[in-house]
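Report on the structure given below.
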């Protein structure tokens, strides 16, 4: 996974989440989403390769 993809995901999640939970909550949600994406990527590619191709 590239750094630009991860930053793009975090930025998008932060922009959407700040409208709902404010800037601090948006930062927390973006961090959780980015960490989840990093950890779930290898697990998805191992267990569900078709779904991993769609997500990545």
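Numbering (our numbering), first residue to last: 80 to 135.
Here a beta-carbon is modelled for each residue, glycine too, at the ideal position from N, C-alpha and C.
In whole angstroms, what separates the C-alpha of residue i from that of residue j?
i, j, result
"residue 106", "residue 116", "15 Å"
"residue 122", "residue 131", "9 Å"
"residue 113", "residue 88", "7 Å"
"residue 95", "residue 124", "27 Å"
"residue 102", "residue 90", "12 Å"
"residue 86", "residue 127", "24 Å"
"residue 129", "residue 120", "12 Å"
Answer with buried or exposed for residue i, where buried requires no fewer than 16 other C-beta atoms within 10 angstroms of its C-beta.
i, result
"residue 93", "buried"
"residue 110", "exposed"
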